Each structure stands twice: as C-alpha cells, then as structure tokens.
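**Q**
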Amino acid sequence: MKFMKLGSKPDTFQADGKCIRYVISDLATDVTIIVGEVKFHLHKFPLMSKSNRLQKLVLKASEENSDEIDMVDFPGGPKAFEICAKFCYGMTVTLNAYNVVAARCAAEYLEMTEDVDRGNLIFKIEVFINSSILRSWKDSIIVLQTTKSLLPWSENLKIVGRCIDSIASKTSVDPANVTWSYTYNRKLLAPEIIVKGGMKYQEKIESVPKDWWVEDVCELEIFLYKRVMTAVKSKGRMDGAIIGEALKTYAVRWLPDSVDALISDVHSWRNKLLVETIVCLLPSDKGVSCSCSFLLKLLKVAILVGVDDSAREDLMNRISLKLHEASVKDLLIPARSPQTTIYDVGMVHSIVNQCMINKKCSQDLDLGKNDVGCTDFVLGHGSLLSVGKVIDGYLEEIARDPNLSLASFIDLARSIPEFARPVHDGLYKAIDMYLKEHLSLTKAERKELCSLMDVKKLTMDASMHAAQNDRLPLRVVVQVLFFEQVRASAGVQSLKNNPRDASRSTTNTEEEWEKTAAEDCNSIKKQMNQTKIKESEFPKNGKFLKKDSRNSKSGMQLLPSRSRRIFDKLWVVGKGHGENKSSETSGSSQSPTSMVLVEGRAKSRAAILNRPSALNALTASMAARLKRLYESWEENPDIGFVLMKGNGRAFCSGVDTVAPHRLLNEGKVYECKRFFETLYKFVYLQGTYLKPHVAILDGITMGCGGGISLPGMFRLVTDKTVFSHPETQLGFHPDAGASFYLSRLPGYLGEYLALTGDKLNGVEMIACGLATHYCLNARLAWIEERLGNLMNDDPAVIDSSLAQYGDLVYPDRSSILRRIETIDKCFSHDTVEEIIDSLLKTLISQENEAAGAYDDWCKTVLRKMKEASPLSLKVTLRSIREGRFQSLDQCLAREYRISLAWISKSVSNDFTEGVRARLVDKDFAPKWYPASLEEVSKDMVEYYFTPLGELEPELVLPTSLREPYI
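At position 790 of the sequence shown the residue is numbered 790 (the UniProt record's numbering), and the sequence of numbers has no breaks.
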C-alpha cells in the first residue's frame, strides 16, 4: 500500500475523553472548533495560515464575541479535520488509501488552496493521488470503496471517476505485464506433476491468469461495481467470457445461499437490485460468454426476488441460446403461487420454444420430409441433440409431480423436433415415470401419452424394460416385442450372409440395427403382416390368439402373460440360424435375464446370480439388470423385502475382470466406464434401500460381491462362505464400496484385508461385523423356505426367521482375528513401507513358543504384499484411510475416480497386466510398473484421487433423494 508523510514536527494532539481534543503547547488555545461530537481546542494562527474558510469563520466568530466555531456537515468527520489541523501545525501526518479521500474532501471544505499558501494540502494530496494511488491496483480499489461515505464531495472532486477509469484500464492490461499483487490466487498454486507413459511432465500454467482481477472488484458495492464493469466493457478490450466470469463471481460473493435470506424483507430490495444489475451487465453476445448453469441459477434468483419482466425475459432469451449446455438440475425452476406444480414447467417450455425459434432464425435450414435432410441436420447440429437429451431428463423429473397435467407434459415433449431425438430411451423413461405417478389416467390418455415415443428408436435395454412394463398399453408392448423380433431376425440373417463380419455385427450400434432392419424389411413383409394384431382380435381376458401354431416357429409367439417369458421368446428366431451371440462385455452367450434369475414368493422377490461356471462373476448387463429389478421392487407396494443369492458354489466372485481387460485392449474405454458407473450406482441403491434386504453369502464372495451385498440390512453367511478382496494382486483397488465397509472393521483389520487379499470364513465375518447371521449350509434350504412363506416385511420378523436355524459360533484358535493386536500394531502405520518394516520387525522378534506359527503368518503376509502391485498397495491404503471419515456416497465417488484412473492407463497399466498374468495367460508373473514401492511417487498416487475434469463428469448419485450412510 502506498503512503505519504507530511510535516516534520512531533504529534502533540492529546485527547481528554472521547469528545475533546487539544494541542499541548506553551500558548493557551484561543479557538474551539466543533466537528460532530468532538471539540478541538486549537490556536487561530496556524489554522488561518492554511485555510481560507477558517479565516472567514474566525473573523465572524470574533465579531460575535465567540471563540467557538461549529463545522456543520464536515466531510470525513473529526478524523478528517484532525488530519487537516495537524497539517496546519506542521505535525507529521501519514496519508494512505484509507484516509486520503476524507483528507481531500476536508481540505476542499476548508479551502486549503494554493491561493492561501503555496504547497497547501489540496496540492499535495492531488500529487499523491495521481502519482501513487491511481497507479496502484489495490489502492485504487480501496480509495473507490471509501468514496461512498463521502458523496457527493468525492463525486464532485472526480475522485470516483478517476478511480473507476484507473481500475478499468488496468483490467485491460496484458496479463504478462501485470506485476502488481492481486487477490485471485487459485491458479498460482505450484504446478502439478502429470505422469504420462511413465514420464513426468510439469503442467504449464500462466503466472497471471486473464481473469486475475475479478475477485478484487467483487469487494465493491453494487453501485460502484456497476460503474466499474460498465467502464471495463466500454474499453472494448475485455473478452466476454471473462466479463461473464466476473459477474458470476460477484453473484456468488453477494447473493445469500438460502432462500429465506434471499426473500427476507431486510435484504429483498438489495438482492433485487443486485440481480437486475448483473443482468444489465451481461455481455452483449446474448449470454454466449456465460455458462447456461449460471444463467439458470440467476433466473431462479430473479424469480424469487421479483425482478421486472424485462430482466427475466432477457435471461430467458440468453438461456435459450445456451440450452444445449443445461443440466436437468439447473432446469428445475421452483414454481411460484398460484401455480400448483412443483416446478415452473411453463417457463421451461417458453425457453425451449425460443431455442427452436433461434435455431430457425440463425440457420438457413431446409428440413424437408426426406431422411437425408434430417440426417445432415443432426450431424451438423449436435447442440439440438443435447437439448433433446436434457429435456427428456427434465420430463422424467417433472413426471414425478402429481399435479402436472398431461397436456403440459405432452406439449413440452412435442416441443422437441423428431430429428433432435434420434433415440427415445430418455422419453420412454419420462413416460414410464408419468404412468407410475399418475395411476388414474384413462385408457385414451395413456394411449395419447405413449404415442409420443417411437418404439423403433428404443435401444435394446429400453426395449427389454418396456417388454416387461405392465404400465404400458398392451398395443405398445406388442409393438416393442414385434420390432425387437424384426431387429433380431435382421441381425441373424446378416450373420448368416456375412460370416466374416459376425464378430463386428454383434456390437452394432442402434443406428446400424435400424438400417439393417430397414434393408431387410421387404424380405420379411409377409411375416410382419401375419403378426399384426388388431384390437378386435384381443379377447376380454387380454390373452393373445394363435391362429396357426404349426407355423409359429417362423414368427413371434406371444404367451398368455406379459411376463419375462414374452421377452425371452423374442430372441428365438428359428432353427438353422445358429446361436445368437451376445455383445455382453463378458463374452458370455447367456442373455441378461438368464444370468440374473428372479424368484417370487409371498411377500418377497429374490435375485439369483446365475453364472455358476464363472463363479457368478458380475458382468455389465447383470449389474444393469440388478439395478432395474431393485428399483422396480422398491416401488412395488406388493413386495415387502428382497433377497439376493447365487447359484452353485459361489455367491459372487467379483467383477468379471477378463471382460474389461479385453475391452481396454480393444480401446473401448467408454464401455468400461459405463460398467463401473452402473455398478457403483447399484451399490448405492443397495446401501440406501428402503426395504429390508437379505443377502445369502453361501460360498465364494470376493471383490464387488461384497459391494453388492454387505451394504444391505441382513447378511447371512454359512460354513461354505469364503470372503476376500484380492484386487491388489490384480493391479487394481478394492472398490464398489469396499473402502466404506472395510474401513469400519475393528482396528486396522480393513487395511490388512485390502492390502493382503487374505480370506475370512463365515465365522470370522460374524465376529468382525461383516455378517449379521450364520447357519450351516445344510440348513440353508430351511431358512429360504421360511423366508419365502413370510407374509410380513417387519425387519424384526425377518431377523428372527434368520436366527431360527442359526448357530452361535466363535473363531477357532487359528483364526486371523486371534492376531488382531499384531495386525493393529503393523497395519496402523501411515505408509506401506512402514507397514512392511513393522512386519519384518515382528518376524525377527518372535522368540516365544508360538514363534514358528507367527513366522509362517508374517512370511505369508510379506509374500502376498510382495506379489501385489506396488502402486495398488499405496492407492489402496490411502483409499481405506480416507474411507474412515466419509459416507457411502463419498466413498463410491472417490472409488469411481480411482477406477477411471486405472482403466485410463495414464500412470500405469498394472490393471490390464495383472489380469493378463493371473486370469488370461496365467503365467503368474506380472510386470508391475512401477516395479517397487520406492519408485511410486506421491504424484502418481495423487493422480488417482484428483477430481475428474470438465470433460469427464463425476459419479452422480441421488443423495438428495436417498440419504447415504455415514
């Protein structure tokens, strides 16, 4: 901060209480000047020698035989007058950015000009302001802030205007030439180390970012801020994006977080003025420089504080230009009275309509009825595809509102043109949600609602769901089944005609399937005509008629019930066509419905993992099917509780890691990401399930097998149960919620299990709290039978049923839990190196009778950790430690980042190498990188915990709807 010292004499001003100030001098004071509530006892001569106004006032007081002068409305008050008085006495006075404006205004009031005395106070202050203050960035802002309390003096003296011009000019300076300090420092942190291909690179960052000034000017009051930003814009040298960022920062700085504070009587006027000012200052590019998220949040606040219609319409127009960047959450604008809906659907509809008008006005489009024109439009206008996608998501969200009228839903859905919605999955979800929440719809209304979607534009997953959806009209289900039959027939015919392309055809995109179906449409026209069903052909009981059962093999058979069996028939395309290969990531030939079976009993449903030959290893389609089933069961009032179990000798051996290994080698990283996203969302659903859940962990339970079962309410284990987390041996990390439940085990048992991959049996799982009930495998059938006959979903009743055939057991003498003290001693250290060092010391120090047993255990643990990936060990240890203080959703979000970092291979390819060595080639000789713990740097480990960037969204979990575990 700049400062200026005036005068050389010592300061002899003294105070007598709060209201009296006097000068220590051999001469008695002869005048009393009153400024505000303070009386100054001073001498006439020094004051009159510098101030023209005091000369006049002293003469007037002498004529009135008075020694008191009352200074009314003195700018700056007593402190400013004292500065001027000290200057008159020649005493030392320090001027700085905080008091210079007050001193300048006071000097002007006292008329301390050059006419009275050369080198007077006004002259010196002006020199200081022009030569120092206005050349300093921070001092200019401070001085501008102090001008508010000194209006209109500061304005008349042009101090306000000069400061604003100084600030605006400095914002336009090339950042490379910025040498002064400033508040904004987020981008001035130490550069991060990026590891790519084993090489370290230092991230290049700018020493001074282009938006370096935005936070400092945020300290200004709204009136001054508006003038500064107007001046910045008038310079014409500032990029609109930076102006948008500045406005966003100011809004975040001054707008309160809570709705109550926004609309409170105390601050409502100020908040309204603030919003209207920000809208007024938005760049002239109609919001292109501002993010759509910011504009929508600003619109929500504008509605709450009651800004005028012109400002609201301006915001809506700007949002319509950026609608393709919006998220569903941002579009959820709360409705205001007298609206009865939860959200303001009409406003969003207006924004969408304006968006479509803008597109038509900005582009010379020839949208004829031919398909080519539409295709060209879609390829060249991805923004409209994004608009269609976000509005479908918005429709799904507002469909939950019981007060939303059918007309409003349909009107908004139809506002999106067909070419902007090439896939109808999102629209189908929205329609399904509306049907679910509005059970009173008539048959005609349901038909009108479902007419919005085109079943030919549904993907395979959506078709699978629609075929089993009891809420859809029967005609729509028939259309779905028929088109899937056509699509499957076309695909098999393609395999038959082009055997070389068999592997490629199994992974066709939805558009390729539709193209194939269209090309083969003529060849199966007769079959289509034969399977068309008219309303008159439906008997009253709703069953389908089969006119010619002998020829049914060439066509589609519809069974008497709209159950899962209808869809299973869809894939039977006749003899002689060969096996229908699946594009399932696991490479399994089983369909998703056969890999996860459903068993229905009185008040329960059971999901049965059915890949016994693969130890029920989880695939992408299995995770997706489990998620869909659990969501539907939770919403079904007839289902009281849910079970999960596995067929064969395993409950679930974890993720089918061979499939991701193959996909990563083929460069299909996106499919792996989608699998992890689906899996983790199911784990969160399991952990926040609203109905009692029973997981029967009979047999091998490894990796994510724990994640899909342990977060539930009841976990039943048997004498056949074997539990472990061997991920570090595969160059991966314990995921699917493992860092949540392992970190909550007694002592440091979780770290031990995660780093070594050691096994626990059913008794040990009971003892450490991973399981809730135990029974012998021979009695398992009795428990399942009792659960199946329950007509009550009370958790207490389920608990007693599980305990009825249970056994009271304790860990034997050889159990790892007997060594819990040693585990805590060794695995409580902060680093993997310290843990290994502690194990080595324990190995050497064993000199008692049990030394041999301890030696074997220590050697086994050290061998397992030596065989594991060094990088995996360090990442896993940190993950478990962070999980101790995080909720389930936070653990899953962190594990998602770590998993994506593993499959990206940005730092290491240990995951694919570990799977290759142990599960594919089975040479059991993985070549880890880095090869040792010493080579694993902190930057490498940090990379796995770094938040994902803008191009890679974080894992989004419904935490606002489903409260996570702590």
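In this text, a Cβ means the ideal position worked out from N, Cα and C, and glycines have one as well. As the structure is a prediction and not an experimental result, all values here were calculated from the model.
#1: What number of angstroms, rounded off, separates the C-alpha of L753 from the C-alpha of C672?
#2: Pair every Cβ in the stretch 909-921 with every Cβ in the stretch 725-744, then say whether three or more of these pairs are closer than 8 Å.
#3: Comparing C-alpha positions only, which one of M865, L780, F223, R53 sits nearest to A695?
#4: Going by C-alpha distance, which of E63, M865, R744 is nearest S887?
#5: According to DSSP, is N156 helix, strand or coil?
#6: Below 9 Å between beta carbons: does that hold for L685 and K627?
#7: For R894, is the classification buried or exposed, using 16 other Cβ atoms within 10 angstroms of its Cβ as the cut-off for buried?
#8: Bridge partners of H41, per DSSP?
#9: Is the separation between the beta-carbon of L802 and that of L787 shorter than 9 Å?
#10: When you compare only the Cα positions, how much space is there between V915 and G737?
#11: May I ask you to report which of helix, strand or coil DSSP gives M651?
#12: Under the three-state reduction of DSSP, which class applies to P947: helix, strand or coil?
#13: Enumerate in chain order the residues of its own chain whose CB-to-CB distance from G705 is below 7 Å, with the five nearest sequence positions on each side excluded.
#14: Starting from L724, trace the beta strand (DSSP E) in both directions and tell me its first and last residue.
#15: Assign F74 to one of three DSSP states: helix, strand, or coil.
#16: Would you mind reading off the limits of the alpha helix (DSSP H) that contains E130?
#17: At 4 residues or longer, and completely inside the stretch 318-348: list those alpha helix (DSSP H) runs for me, N to C.
#18: What does the Cβ neighbour count give for C292, buried or exposed, with the cut at 16 atoms within 10 Å?
#19: State the beta-bridge partners of A607 as determined by DSSP.
#20: I need the straight-line Cα distance from residue 967 to A241, nearest angstrom please.
#21: Measure the alpha-carbon distance for T619 versus F676 and round it to whole angstroms.
#22: Quick one: is P78 buried, meaning 16 or more other Cβ sit within 10 Å of its Cβ, or exposed?
#23: Expressed to the nearest angstrom, what Euclidean distance is found between the alpha-carbon atoms of M713 and L304?
#24: Spell out the partners DSSP gives residue 967 in its beta bridges.
#25: Beta-carbon separation of V717 and G762 under 9 Å?
#26: Taking all protein chains shown into account, decide if I844 is buried (16 or more other Cβ within 10 angstroms of its Cβ) or exposed.
#27: Starting from H773, trace the beta strand (DSSP E) both ways and give me its first and last residue.
#28: In the DSSP assignment, find the beta strand (DSSP E) that holds L697 and state where it starts and stops.
#29: When DSSP builds the beta bridges, which residues end up paired with V116?
#30: With a threshold of 6 Å on Cβ separation, who are the neighbours of P34 within its own chain once the five nearest residues in sequence on each side are excluded?
#31: Any idea what DSSP makes of V423, helix, strand or coil?
#32: Mind checking whether H438 and L406 have CB atoms under 9 Å apart?
#33: Spatial neighbours of D812 within its chain, please: C-beta separation below 8 Å, excluding the five flanking residues on both sides.
#34: Under three-state DSSP, which class holds R253?
#35: Going by DSSP, name the residue or residues bridged to I700.
#36: From A420 to K322, what distance separates their C-alpha atoms?
**A** Reading from the atomic positions:
#1: 26 Å
#2: yes
#3: L780
#4: R744
#5: helix
#6: yes
#7: buried
#8: Y22, T32
#9: yes
#10: 21 Å
#11: Checking the sequence, you will find Phe at residue 651 rather than Met. F651 falls in the strand class under three-state DSSP.
#12: coil
#13: F651, C652, S653, G654
#14: According to the sequence displayed, residue 724 carries Ser and not Leu. First-last of the beta strand (DSSP E) with S724: 722-724.
#15: coil
#16: Per the sequence shown, the amino acid found at residue 130 is Asn instead of Glu. Element bounds for N130: 121-131.
#17: 328-331
#18: buried
#19: V598, M644
#20: Because the chain spans 1 through 966 in this model, residue 967 falls outside it and cannot be assessed.
#21: 10 Å
#22: buried
#23: 42 Å
#24: Because residue 967 is not part of the residues shown, which for the chain are 1 to 966, the question remains open.
#25: yes
#26: exposed
#27: 773-775
#28: 693-697
#29: V116 is not bridged to any residue.
#30: Rather than Pro, the amino acid found at residue 34 in this sequence is Ile. Correct list, in chain order: D70.
#31: coil
#32: yes
#33: V763
#34: helix
#35: A650, V722
#36: 15 Å
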